[in-house]
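Novice: Sending over a structure as structure tokens; questions will come in a sec.
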Amino acid sequence: MEEVEVAPPRAHEVRVRIICTSLCHTDVTFWRMKEFPAMFPSILGHEAIGVVESVGDHVQEVAVGDTVVPVFLPQCGECDDCLSARSNICSALPYRPGGMPRDGTTRFSLAATGEAVHSFLCVSSFAEYTVVDVAHLVKLDVVGPASLPPEKACLLSCGVTTGVGAAWKAAAVEPGSTVAVFGLGAVGLAVAQGARMRGAKRIIGVDLNPDKFEIGKKMGITDFVNPNDVAEKTVSEVIREMTGGEGADYCFECIGSVSVMAEAFQSSRSGWGKTVVLGVDGSAAPISVPSFDIMRGRSVTGSLFGGIKPKDDIPMLAQKYLDKELELDEFITHQMGFHEINRAFDLLTQGKCIRCIIWMDYGAKENGA
Amino acid sequence: MENHGPKPIRCKAAVCRAAGEPLAIEEIVVDPPKAHEVRIRIICTSLCHSDVTFWRMKDFPGIFPRIFGHEAFGVVESVGEHVEEFAAGDAVVPTFLGQCSECVDCRSARSNMCSKYRFAVRPGMPRDGTTRFSDGQGRPLHHFLGVSSFTEYTVVDVNHVVKVNPAMPPALACLLSCGVSTGVGAAWKQAKVEPGSSVAIFGLGAVGLAVAEGARICGASKIIGVDINPEKYELGKKFGMTHFINPKELGEKPVYQAIVEMTDGGADYCFECIGLAALMNDAFRSSRDGWGKTIILGVEMHGAPLCVSSHEILHGKSVIGSMYGGVKPKQDIPILADKYLNKELELDKFITHEVGLKDINEAFDLLLQGKSVRCTIWMDK
């Protein structure tokens, strides 16, 4: 925990006071990475909720005092991709590791020495204040202690939205489908929920941790496969057996391991089976798929944020929570103050939590502020 | 009532006795069709690169002696028991991909991969695995893809036969039996190319050129052909190609970079029509972030796996493979025949050479030297 100076927002930027943030495995992936695009020193964190403290020039979308959810994926609203329903990869503001999207520089420096501190995924939420480009901000009117509590809204900033979005947009799961979800962390559990919301008949969860089945059931998982318990068989063989020899209609990889991506592909049904890759493999290794197998009508696709457009779809998911169509409470397994942040890393890397909410002002939170 | 059913037929066939060796014209015996089978008198056939792939293959599923050929046009000579769909005299094309019309896949619009009789490269007939061919010494000859069309007569399972409009010229109907349907189908059915799209095609053989033709009739605005044979430039233009890239003339620049530059970010649809994992990867890298779709049609000639970046795929790209370009033979081949007959689809330009059965090895030479698109092999010439 160090003291940093957070520069004022420049044009098209907003300075945000973070209320709470949560740890996502992608933070851990980059935290472990020794080389570019990881950069050090940096402020990690990209799943959060906050309040606008000040705005730079040309910012009309939000005003001081607005509740906002920062997001790692931009939506400029004007480029071909933002204007198309088919894409959520904004082409106007490509990612520039370590800095702000428009000029690549950072707004953070160490208070003691003035040394620059890199930002992360254009969010950097492990700080009491951060500066975020307006394209990376979603205004959320419905947040308040009586309506959508901030710790729930925080989940929509990355993991849960990615999972629910993937079932809905990237895959477009149809009612009656059979779905397999590899990795039952927050993203995988959110995929299960999203698949259930889309009417999937069978949702097979795959995880090495048997504790995930209980929480998985609450999210819609109907069958559980533990790769440690399948003896000589492969997971794909087991899934094909479970599905009458065919394989699942949709397979989601929610870990970030190319070997699991390959296994997910093998578990998909020939004819129309679709494998959706959501996990980020830290080694940037390639996915390897047998060429004869892909000839049988199977496809592999991937998405960032499950294919959703942040500014359009996050408010819609918030409303679904309020309408009791989307379950968010079960994702939060731990809550703590900012100073305990390393405990969140321990819990996640040990597989002991789903989401740890880290409050900037835990005292205020406990007092119901 | 005595059984005056069909008898074995003695006829000529081009037999391959060892991997990579020229075919020999031999007299063979073709058994009568069993239940659910038809015997077809082949009128003409053509050589497809997939024949070449398995002709070269020493190890299983390569197997010898074998009668190759799977792209053809013929007339039904006799039918086996329980065959109601066809009668002697019907004009038909045999197809390497079966359609039972009953299983979940056949009944779904989303799939063309019949799950009742799954596709496999087998030495025998799909239902019982046995052969209908024997040579002059009575020794068995293996089938290929359930078609085996390099022969005057063949026996094909009823799921692998499609009736065609008798108004179709035989050599053109023959094209719909594999390569052209695969390419046109891939653009039309699998990719569903929209008007104004940009398309990149790796490999301008019959399949790649058929993709171009399919993209053209779907209204694509940019059709980029990629081939190391410079002669394909003039040829491609006849098929609607708007841009040509010869990777050998790019110097240090990788092909995908050239395509990304040409399309301002990547093509909407990329088709791999050769069968090389490295090109499949190039095709993937040439596709556009957000929605770029890569369609794999080529059968990988070394069995190498397709490898794509696990990071790049997160940007909304997808890869799909198919057999036959997603075409369901029994309904889509007649549709393609109609498209030809009402002048929407052009087929004549695919045929660049013709030979008689006795000169079938010339067809192999022409294809391997990159000099032909399709060489029609006439049985009666």
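Respectively, the protein sequence lines represent chains Y and E. Numbering follows our numbering, with no gaps: position 263 of the first sequence is 263. Numbering follows our numbering, with no gaps: position 300 of the second sequence is 1300. For glycine and all other residues, C-beta sits at the position ideal for the given N, C-alpha and C. From a predicted model like this one, the values you see are computed outputs, not experimental measurements.
How many whole angstroms separate the CB atoms of Leu326/Y and Thr161/Y, which I take to be in contact at a CB cut-off of 8 Å?
Specialist: Working through the first sequence from its first residue, we reach residue 326/Y at position 326. Working through the first sequence from its first residue, we reach residue 161/Y at position 161. Wrong, their Cβ atoms sit about 10 Å apart, outside the cutoff.
Novice: What are the boundary residues of the beta strand (DSSP E) that Met336/Y is part of?
Specialist: Walking along the first sequence from the start, residue 336/Y turns up at place 336. It spans Ile332 to Gly337 - the beta strand (DSSP E) in which Met336/Y sits, taken as one unbroken run.
Novice: Mapping the DSSP letters down to three states, classify Lys233/Y as helix, strand or coil.
Specialist: As a first step, residue 233/Y is located in the first sequence; it is residue number 233 there, counting from the start. Correct three-state label for Lys233/Y: coil.
Novice: Is it right to say Val142/Y is buried, meaning 16 or more other beta carbons lie within 10 angstroms of its own, or is it exposed?
Specialist: Looking up residue 142/Y in the first sequence gives position 142. Counting Cβ neighbours within 10 Å, Val142/Y comes out exposed, since fewer than 16 surround it.
Novice: Quick check on this structure: which residue in Ser54/Y, Val235/Y, Leu44/Y and Cys154/Y has the alpha carbon closest to the alpha carbon of Thr106/Y?
Specialist: Along the first sequence, one-based indexing puts residue 106/Y at 106. Selected option, being the one with the closest Cα: Leu44/Y.
Novice: The beta strand (DSSP E) spanning Ala1013/E covers which residue range?
Specialist: On the second sequence, residue 1013/E is found 13 positions in, with the first residue counted as 1. Ile1009 to Val1015 is the span of the beta strand (DSSP E), which, as asked, contains Ala1013/E.
Novice: Assign Gln1099/E to one of two classes, buried (16 or more other C-beta atoms within 10 Å of its C-beta) or exposed (fewer than that).
Specialist: By 1-based counting over the second sequence, the position of residue 1099/E is 99. Buried, since its Cβ has 16 or more Cβ neighbours within 10 Å.
Novice: Using 10 angstroms around the beta-carbon of Val64/Y, count the other beta-carbons present and answer buried if the total reaches 16, otherwise exposed.
Specialist: Along the first sequence, one-based indexing puts residue 64/Y at 64. The residue is exposed, with fewer than 16 neighbouring Cβ atoms inside 10 Å.
Novice: Starting from Ile221/Y and walking both ways along the alpha helix (DSSP H), at which residues does that stretch end?
Specialist: Within the first sequence, numbered from 1, the residue matching residue 221/Y stands at position 221. Ile221/Y -> no alpha helix (DSSP H), and no H or E assigned at all.
Novice: List the endpoints of the continuous beta strand (DSSP E) containing Leu110/Y.
Specialist: Reading the first sequence from its first residue, position 110 is the one you call residue 110/Y. Phe108 to Leu110 is the span of the beta strand (DSSP E), which, as asked, contains Leu110/Y.
Novice: DSSP beta-bridge partners for Ala1087/E?
Specialist: Stepping through the second sequence from its first residue, residue 1087/E is reached at position 87. None; Ala1087/E has no bridge partner.
Novice: Report the three-state DSSP secondary structure of Met1001/E (helix, strand or coil).
Specialist: Here residue 1001/E refers to the residue found at position 1 when the second sequence is read from its first residue. Any reading at Met1001/E must be qualified, since the residue scores a pLDDT of 46, below 50, and its modelled position is unreliable; no value is offered.
Novice: Determine, using beta carbons only, whether Pro1305/E and Ser270/Y come nearer to each other than 8 Å.
Specialist: The sequence position of residue 1305/E within the second sequence is 305, counting from 1. The sequence position of residue 270/Y within the first sequence is 270, counting from 1. No.
Novice: DSSP three-state label for Leu1306/E, please.
Specialist: Reading the second sequence from its first residue, position 306 is the one you call residue 1306/E. Of the three classes helix, strand and coil, the one that applies to Leu1306/E here is strand, per DSSP.
Novice: Which residues in chain E sit within 7 Å of Pro286/Y, going by Cβ to Cβ distance?
Specialist: Translated into the one-based positions of the first sequence, residue 286/Y becomes position 286. Correct list: Cys1307, Val1308, Ser1309 and Ser1310.
Novice: For Gly199/Y, which residues of its own chain have a beta-carbon under 8 Å away from its beta-carbon, when the five flanking residues on both sides are left out?
Specialist: The residue you call residue 199/Y lines up with position 199 of the first sequence. Val173, Glu174, Pro175, Gly176 and Ser177.
Novice: Hey, would you say Ile1217/E sits closer than 8 Å to Ile1245/E, going by beta carbons?
Specialist: Mapped onto the second sequence, residue 1217/E falls at position 217. Mapped onto the second sequence, residue 1245/E falls at position 245. No, they are not a contact pair.
Novice: From Ala1187/E to Cys1106/E, what does the alpha carbon distance come to, in whole angstroms?
Specialist: Looking up residue 1187/E in the second sequence gives position 187. Looking up residue 1106/E in the second sequence gives position 106. Straight-line Cα distance between these residues: approximately 20 Å.
Novice: Using beta-carbon positions only, say whether Arg1066/E and Phe1144/E come within less than 8 Å of one another.
Specialist: In the second sequence, counting from the first residue as 1, residue 1066/E sits at position 66. In the second sequence, counting from the first residue as 1, residue 1144/E sits at position 144. In contact: Arg1066/E and Phe1144/E (Cβ atoms closer than 8 Å).
Novice: Could you have a look at Tyr321/Y and say whether DSSP puts it in helix, strand or coil?
Specialist: Residue 321/Y sits at position 321 when you count from the first residue of the first sequence. Of the three classes helix, strand and coil, the one that applies to Tyr321/Y here is helix, per DSSP.
Novice: Where DSSP assigns a beta bridge to Asp133/Y, which residues make up the other side?
Specialist: As a working note, residue 133/Y is residue 133 in the first sequence. Partner(s): Glu13/Y.
Novice: Residues of chain Y with CB closer than 9 Å to the CB of Asn1112/E, please, in chain order.
Specialist: Taking the second sequence and counting its residues from 1, one reaches residue 1112/E at position 112. In chain order: Gly271 and Gly297.
Novice: In chain E, what lies closer than 7 Å to Met316/Y by C-beta?
Specialist: Your numbering for residue 316/Y matches position 316 in the first sequence. Per Cβ cutoff of 7 Å: no residues; Met316/Y is ~20 Å from chain E at best.
Novice: For chain Y, find out if any of its Cβ atoms is closer than 8 Å to the Cβ of Leu1314/E; answer yes or no.
Specialist: Along the second sequence, read from residue 1 onward, the residue named residue 1314/E stands at position 314. Chain Y contact via Cβ: present.
Novice: Start and end of the beta strand (DSSP E) containing Arg355/Y?
Specialist: Counting from one through the first sequence, the residue named residue 355/Y turns up at place 355. Arg355/Y -> beta strand (DSSP E) spans Arg355 to Trp359.
Novice: I need the DSSP call for Cys1044/E, collapsed to helix, strand or coil.
Specialist: For the purposes of this step, residue 1044/E is taken as the residue at position 44 of the second sequence. The answer is strand: DSSP assigns Cys1044/E an E or B state.
Novice: Could you name the residues of the same chain whose beta carbon sits closer than 7 Å to that of Ile1025/E, not counting the 5 residues immediately before and after it, in chain order?
Specialist: Looking up residue 1025/E in the second sequence gives position 25. For Ile1025/E, where only same-chain residues beyond five positions count, the Cβ hits under 7 Å are Lys1012, Ala1014, Leu1357 and Lys1358.
Novice: I believe Cys1270/E touches Ala1258/E by the beta-carbon criterion, under 8 Å. Please report the beta-carbon distance rounded to the nearest angstrom.
Specialist: Position 270 of the second sequence, counting from 1, holds the residue named residue 1270/E. Position 258 of the second sequence, counting from 1, holds the residue named residue 1258/E. About 13 Å separates the two Cβ atoms, so there is no contact after all.
Novice: 8 Å is my cut-off, CB to CB: does Gly393/Y come that close to chain E?
Specialist: Outside the displayed range of chain Y (1 to 369) lies residue 393/Y, so it cannot be described from this structure.
Novice: Excluding sequence positions up to five away, which residues of its chain have a Cβ less than 8 Å from the Cβ of His1243/E?
Specialist: Looking up residue 1243/E in the second sequence gives position 243. Cβ neighbours of His1243/E beyond the five flanking positions: Lys1222, Ile1223, Ile1224, Gly1225 and Met1262.
Novice: If you count every other CB in all the chains shown that lies within 10 Å of the CB of Thr113/Y, and 16 or more means buried, which is it?
Specialist: Looking up residue 113/Y in the first sequence gives position 113. Looking at its Cβ environment, which holds fewer than 16 other Cβ atoms inside 10 Å, Thr113/Y is exposed.
Novice: Run the CB neighbour count on Ser259/Y, radius 10 Å, all protein chains shown included, and call it buried at 16 or more, exposed below.
Specialist: Walking along the first sequence from the start, residue 259/Y turns up at place 259. Exposed, since its Cβ has fewer than 16 Cβ neighbours within 10 Å.
Novice: Would you list the one or two residues that DSSP bridges to Lys1163/E?
Specialist: Position 163 of the second sequence, counted from the start, is the residue given in the question as residue 1163/E. Paired residues: Val1092/E.
Novice: What span of residues does the beta strand (DSSP E) with Trp1378/E cover, start to end?
Specialist: On the second sequence, residue 1378/E is found 378 positions in, with the first residue counted as 1. Arg1374 to Trp1378 is the extent of the beta strand (DSSP E) around Trp1378/E.
Novice: Tell me which same chain residues have a C-beta within less than 6 Å of the C-beta of Glu5/Y, skipping the five on either side of it?
Specialist: Position 5 of the first sequence, counted from the start, is the residue given in the question as residue 5/Y. Cβ within range, chain order: Ser109 and Ala111.
Novice: So, for Ala1200/E: in the same chain, excluding its five sequence neighbours on each side, which residues have a beta-carbon less than 6 Å away from its beta-carbon?
Specialist: For this step, residue 1200/E is matched to residue 200 along the second sequence. Cβ neighbours of Ala1200/E beyond the five flanking positions: Ile1224, Ile1259, Ala1267, Cys1270 and Ser1286.
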